[in-house]
Each structure stands twice: as C-alpha cells, then as structure tokens.
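This report refers to the structure that appears directly beneath it.
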Amino acid sequence: MRKSGSGKKIIWGIGTLLGLLISLVVIGCASTKGEFIKFSTEIYPPKSEAQEILLTQDDINKPYKEIALVKANGSRFSNEGECFEKIRQIAREVGADAVIKAHVEEKERLVHSRISNKPPETVIYKVKEPVCEGTAVVFTKNG
47 MRKSGSGKKI
57 IWGIGTLLGL
67 LISLVVIGCA
77 STKGEFIKFS
87 TEIYPPKSEA
97 QEILLTQDDI
107 NKPYKEIALV
117 KANGSRFSNE
127 GECFEKIRQI
137 AREVGADAVI
147 KAHVEEKERL
157 VHSRISNKPP
167 ETVIYKVKEP
177 VCEGTAVVFT
187 KNG
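Counting the sequence shown from 1 gives a position; the numbering used here is that position plus 46.
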C-alpha cells in the first residue's frame with residue numbers, strides 16, 4: 047500500500063532533476079565569450095538590465111568619453127546577433143551608455159571530429175565563428 051504524498055515526492059523529484067538538467071544544458075550552450083580592455087582607471091557603476099545600451103556601427107553625434115574596448119568571440123554555434131548582444135552585456139557591466147563603431151568579422155578554425163566507423167576515423171573541417179568588437183562609451187555633458 048502506498049503512503050499518501052509519495053506521488054508528490056516523485057513528481058517533485060522529477061521536476062528538480064529536469065530543472066538541473068535544463069540549467070546544465072543552458073550553461074553548456076553559452077558559447078559566446080567576452081572581454082574588455084579599459085582605457086583608464088576610472089570606474090563606472092554597472093547599468094541595470096532595464097537600461098537599453100545603444101549599439102551602433104557608426105559614431106554618434108553626442109558628447110561621450112571612450113571607456114573600454116569590448117570584444118566577444120562566438121563559437122561555430124553562435125551568430126552575429128548573439129555576438130553583438132554579448133558586447134552590449136559587457137558594456138553594461140563596465141558602466142557604458144553605448145557601444146560605438148561595433149563591427150563583426152568571421153574567423154575560421156579547423157575542427158576535428160571523430161566518426162564511429164569501423165575503423166573509426168577523424169574528419170577535419172573548417173568552421174566560421176563571429177568575432178565582435180566595439181568601443182564602450184559614457185555620455186558626457188561637455189565634449
């Protein structure tokens with residue numbers, strides 16, 4: 047005979063397990079890595095997630111100060127949009143209001159993949175990965 051509530055424990059356990067698995071998949075798929083190089087020792091507070099960070103491929107007609115070079119390297123599974131979103135995220139973390147002169151290039155890389163034939167063999171092929179870069183700026187009152 048079953049105790050009442052044991053079904054709830056099983057469902058709760060399965061839900062917890064699924065939650066952990068989904069978290070691991072999401073973390074494993076986070077394939078765009080970013081970095082920044084500060085131009086000075088000044089520190090700016092990070093912007094909130096609610097604040098929109100302007101991203102443009104051109105310069106802007108507004109007074110600003112350049113604070114950092116932001117860069118993101120995508121993987122063969124990421125696209126240009128994810129790459130630009132990563133540099134926007136990095137700019138937010140360093141306290142920037144915008145990223146100007148943003149651009150993307152594709153780098154090629156050789157990938158080795160093992161095929162389970164008999165005997166197993168390795169296949170080598172090229173993949174293209176996006177690399178985004180821009181200048182993080184803060185808006186100033188004076189030029």
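Ideal Cβ placement from N, Cα and C applies to all residues, glycine included.
Counterpart residues of residue i in DSSP-defined beta bridges
i: K79; result: N119
i: S159; result: V169
i: A114; result: K84 and A182
i: E207; result: Since the first residue shown for the chain is 47 and the last is 189, residue 207 is missing from the structure and cannot be characterised.
Unbroken alpha helix (DSSP H) run spanning residue i, endpoints
i: G141; result: Element bounds for G141: n/a, residue is neither H nor E.
Endpoints, beta strand (DSSP E) assigned at residue i
i: A182; result: E167 to F185
For residue i, three-class secondary structure by DSSP
i: K84; result: strand
i: K108; result: coil
i: E98; result: coil
i: K164; result: coil
Any C-beta of chain B under 8 Å from that of residue i
i: F85; result: Going by chain labels, chain B is absent from the structure shown, which holds only one protein chain.
Cut-off 7 Å between Cβ atoms - residues of its own chain near residue i, not counting five sequence neighbours on either side
i: I106; result: A144 and I146
i: K108; result: F185
i: R160; result: P166 and T168
Alpha carbon of residue i to alpha carbon of residue j, nearest angstrom
i: T168; j: V157; result: 10 Å
i: I99; j: R134; result: 6 Å
i: E112; j: E151; result: 22 Å
i: K84; j: Q97; result: 21 Å
i: R138; j: T87; result: 17 Å
i: A142; j: S94; result: 11 Å
i: A182; j: P92; result: 12 Å
i: E175; j: A114; result: 23 Å
i: Y110; j: T78; result: 28 Å
i: Y90; j: V140; result: 6 Å
Beta-carbon contacts of residue i that lie in its chain and below 6 Å, excluding the five residues immediately before and after
i: V173; result: R122, R155 and V157
i: A148; result: L101, Q103 and G180
i: A76; result: Confidence in A76 is poor, its pLDDT being 48 and thus under 50, which makes the residue's placement too unreliable to answer from.
Own chain residues within Cβ distance below 8 Å of residue i, not counting five before or after
i: G80; result: V116, K117, A118, N119, K132, I133, Q135 and I136
i: V177; result: K117, A118, N119, G120, C129, V150, E151, E152 and K153
i: Y171; result: L156, V157 and S159
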